[in-house]
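A.B. asks: The structure follows.
This is the structure we're talking about:
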């Protein structure tokens, strides 16, 4: 987003909601996009940002394409922006990093309504707001289909970096929140008839989980405190982790594969949104919790004592299992009858990577 | 580009050039792309990169879309990658920054040949090589059209940042190399009949300027030395500047607009590739030099003594004019008869922003 010093006035007010990109023109579009960014950070040809002394830069990129990652049917533009930002902030959190800012590269057909862009940018801005982050740059291009490529920038003190390859047998596996809700929300949006079976409050809750996931950048401070905690100074604190953007099963499998370990997950411990239990069978709820994806929680492996401290500090966190020497990843469902309220337990599951989310899968 | 520890083998050798993305599959595609990146930098969920103490982070993003920024007709895939990287490195140079690395977000239809992607990535890698930079991360997505969003990361010591708004009347205007060649090369590629009028050596030279522009990141060390030079310690050194990616005229106009100044350019001083003089009229050569764009040189404003030092250190650099109090930007062509070998001088020109490159122009 190059500097356009002649267009510093507040352009937001002067744009009609019925205008298209072609009608607005490139210069005014750039000025409009800049009005959503941080004027302090956006430089002439590039953004210039301070970074804390002794910290490393962390960078992650995601591209979202219309009809692949979002569609008008399931994702209003404000949510498109929010989800794009959330996915990237989640990757920063998965590295143990705090945020610096994001850049947005936007591709648009000339007939794209300006109102769509404004809502996307507002969604990005609203997602960044709780973390005091802002849009620090970007680019815009003509294209036959809409897409967003977001790059998030963060920083981490080298000792606090969260890796995937350091889970140890005996570690507790902690999730920072519930799983399955995003997939359930998507199903409700795709099949509105299903929505009628569920009360409006439950329905809204699940749709909210799909359209407005909270990236766990807010957990990073908690995790950094674990490293520093006095009570733990005698222990060797290691934290392995990643986010559950491709599903809880995928996260546990990736962590185990990178660390050369296995895991046992206790099925009844996996937090699943109550609304989902009201709507689906225990089997289906478990399937969406494991394989649904896009819940954007963190899946962390750490010594049990550290895990207890973390769960005390982060109330939504739950210990769902343990890392094992044996390399396979099992879900033990022998206590699920009680947790699901069903008559019998679910069958135990052996997790495999091939059920994970793949964009190019035939 | 998330870590895929199970695919660390050299996948490059095992890919057939006739395969498509769909045939290769997402996991193997990610592994292939990773083989072009820096294994030291690519982290699990994001890249982690050191940054020099006391330096600020510089970040710039460009998106390139098929049939808007490149097409099979004019840009072989190796050049698509090169040009995308060059455009971003040029933005870093325009800020006075040195490079850290780049991320690449790729959108592809499933029938895209893997060989096309390999050549794009090789082009990016080859462009980065002289600056010891590498691909540090990225993402890949299914899309109906091919596009690349590149984010370049750099660092700058705050005192060495090049801004647009600090050009002063009396400053010399320096360009780091010739202009018009990229546009001339594009014309040759679009109209092969024209090529027949020009010898093969001239033709190749102009096409090379279009397909393989050199970003002026190599000038940054020279500019930093200017700041430090003993001979200049008595002077207040300010350097205003930007790159000429949208044309030399646009760069001078933007610098003057941001600085509240004007400029006089001496037409005969603008370096134009010799091949262009052999092919086009002096008028056409001047038009392409001023408005052609994508030459990716730097346009710098600095005190005349500093400019002389810089030109001595960077032989391709030329002083082409001076910054004025009067806010208009003129090209004085009263000495162009000699430089062009034409019978008379070109008419003087008053430059205006509306002729610059606009993607959404009707």
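Protein chains in written order, with this note's numbering: chain D, 63 to 424; chain B, 63 to 424.
Here a beta-carbon is modelled for each residue, glycine too, at the ideal position from N, C-alpha and C.
All values reported here derive from a predicted model rather than from experimental measurement.
Could one say the Cβ of residue 93/D lies closer than 8 Å to chain B's Cβ atoms, at least one of them?
C.D. replies: No, residue 93/D does not count as interfacial toward chain B.
A.B. asks: By DSSP, does residue 68/D sit in helix, in strand, or in coil?
C.D. replies: The pLDDT assigned to residue 68/D is 34, lower than 50, so where the model puts this residue is not dependable, and the model offers no usable value.
A.B. asks: In chain order, which alpha helix (DSSP H) runs of at least 4 residues are fully inside the region 194-262 of chain D?
C.D. replies: The region 194-262 of chain D contains these whole alpha helix (DSSP H) runs: 243-252, 254-257.
A.B. asks: Whose C-alpha, out of 196/D, 282/D, 133/D, 272/D, is nearest the C-alpha of residue 208/D?
C.D. replies: Measuring from the Cα of residue 208/D, the nearest candidate turns out to be 133/D.
A.B. asks: Quick check: the Cα distance between residue 303/B and residue 91/D, rounded to an integer number of angstroms?
C.D. replies: Cα to Cα, the separation comes out at about 24 Å.
A.B. asks: Tell me which same chain residues have a C-beta within less than 7 Å of the C-beta of residue 154/D, skipping the five on either side of it?
C.D. replies: Same-chain partners within the cutoff: 120, 122, 161, 214, 216, 279.
A.B. asks: For the beta strand (DSSP E) that contains residue 129/B, what are its first and last residues?
C.D. replies: Here residue 129/B belongs to no beta strand (DSSP E), and DSSP marks it neither H nor E.
A.B. asks: Pull up the distance between the alpha-carbon of residue 332/D and that of residue 380/D, whole angstroms please.
C.D. replies: Computed Cα separation, rounded: 8 Å.
A.B. asks: Please name the residue, chosen from 139/B, 201/B, 98/B, that lies closest to residue 166/B on a Cα-to-Cα basis.
C.D. replies: With distances taken between Cα atoms, residue 166/B lies closest to 201/B.
A.B. asks: Taking DSSP as the reference, what is the three-state secondary structure of residue 77/D?
C.D. replies: Here residue 77/D sits in coil by DSSP.
A.B. asks: When the cut-off is 8 Å and only beta carbons count, does residue 206/B lie next to chain D?
C.D. replies: With 8 Å as the cut-off, residue 206/B counts as an interface residue toward chain D.
A.B. asks: Enumerated in chain order, which unbroken segments of the beta strand (DSSP E) with a length of 3 residues or greater are wholly contained in the region 257-345 of chain D?
C.D. replies: The qualifying runs are 302-305, 324-328.
A.B. asks: Run through DSSP, which three-state label would residue 354/D get?
C.D. replies: In the structure shown, residue 354/D sits in coil (DSSP, three-state: anything other than H, G, I, E or B).
A.B. asks: List the residues of chain D that residue 112/B touches, going by C-beta distances under 8 Å, in chain order.
C.D. replies: Residues of chain D passing the Cβ test: 118, 119.
A.B. asks: Does DSSP put residue 420/B in a helix, in a strand, or in coil?
C.D. replies: Caution is warranted here: a pLDDT of 40 is assigned to residue 420/B, below 50, making its placement in the model unreliable, and the coordinate value is therefore given only provisionally. It is coil, neither helix nor strand.
A.B. asks: So does the region 364-378 of chain D actually touch the region 281-289 of chain D, counting three or more Cβ pairs closer than 8 Å?
C.D. replies: A contact exists between the region 364-378 of chain D and the region 281-289 of chain D.
A.B. asks: Would you report the Cα separation of residue 138/D and residue 178/D, rounded to the nearest angstrom?
C.D. replies: Cα to Cα, the separation comes out at about 9 Å.
A.B. asks: Between the alpha carbons of residue 289/B and residue 407/B, how many angstroms are there, rounded?
C.D. replies: Taking the straight line from one Cα to the other gives about 38 Å.
A.B. asks: Can a CB atom of chain D be found closer than 8 Å to the CB of residue 153/B?
C.D. replies: So yes, residue 153/B belongs to the interface.
A.B. asks: Please report whether the beta-carbon of residue 180/D lies at a distance below 8 Å from any beta-carbon of chain A.
C.D. replies: No chain A appears in this structure, whose protein chains are D and B.
A.B. asks: How long is the line joining the alpha carbons of residue 273/D and residue 88/D, rounded to whole angstroms?
C.D. replies: About 30 Å.
A.B. asks: By DSSP, does residue 167/D sit in helix, in strand, or in coil?
C.D. replies: Residue 167/D: strand per DSSP, three-state reduction.
A.B. asks: Quick test of the definition: if touching needs 3 or more C-beta pairs under 8 Å, does the region 186-203 of chain B touch the region 342-359 of chain B?
C.D. replies: Short answer: they don't touch.
A.B. asks: So if DSSP puts residue 392/D in a beta bridge, which residue, or which two residues, is it bridged to?
C.D. replies: The partner list for residue 392/D (beta bridge, DSSP) reads 326/D, 412/D.
A.B. asks: What would DSSP say about residue 383/D, mapped onto helix, strand or coil?
C.D. replies: It is a strand residue.
A.B. asks: Taking all protein chains shown into account, decide if residue 336/B is buried (16 or more other Cβ within 10 angstroms of its Cβ) or exposed.
C.D. replies: Exposed, since its Cβ has fewer than 16 Cβ neighbours within 10 Å.
A.B. asks: Could you name the residues of the region 190-205 of chain B whose beta carbon sits closer than 8 Å to any beta carbon of chain D, in the order they occur along the chain?
C.D. replies: From the region 190-205 of chain B, only 198, 199, 200, 201, 202, 203, 204, 205 have a Cβ closer than 8 Å to chain D.
A.B. asks: Under 8 Å between C-beta atoms, does residue 311/B make it to chain D?
C.D. replies: Judged by the 8 Å Cβ criterion, residue 311/B is not in contact with chain D.
A.B. asks: What residues from chain B crowd round residue 315/D, counting only those whose CB sits closer than 8 Å?
C.D. replies: Ordered by position in chain B, no residue passes the 8 Å Cβ test against residue 315/D, which lies about 10 Å from the chain.
A.B. asks: Out of curiosity, what's the CA-to-CA distance linking residue 409/D and residue 395/D?
C.D. replies: So the alpha carbons of these two residues sit roughly 6 Å apart.
A.B. asks: Just list the residues that DSSP pairs residue 364/B with in beta bridges.
C.D. replies: In DSSP, residue 364/B forms a bridge with 234/B.
A.B. asks: Measure the alpha-carbon distance for residue 420/B versus residue 195/D and round it to whole angstroms.
C.D. replies: Annotation note: pLDDT 40 at residue 420/B (below 50); position unreliable, no value reported.
A.B. asks: Please determine if the region 233-246 of chain D and the region 319-332 of chain D are in contact, where contact requires at least 3 C-beta pairs separated by less than 8 Å.
C.D. replies: Yes, the region 233-246 of chain D is in contact with the region 319-332 of chain D.
A.B. asks: Compute the distance between the beta-carbons of residue 98/B and residue 151/B, then report whether it is under 8 Å.
C.D. replies: Contact flag unset, no.
A.B. asks: Taking Cβ positions only, does residue 165/D come closer than 8 Å to chain B?
C.D. replies: Yes, its Cβ sits closer than 8 Å to a Cβ of chain B.
A.B. asks: Determine, for residue 157/B, whether the minimum Cβ-Cβ distance to residues of chain D falls below 8 Å.
C.D. replies: Chain D, which has a Cβ nearer than 8 Å to the Cβ of residue 157/B, makes this yes.
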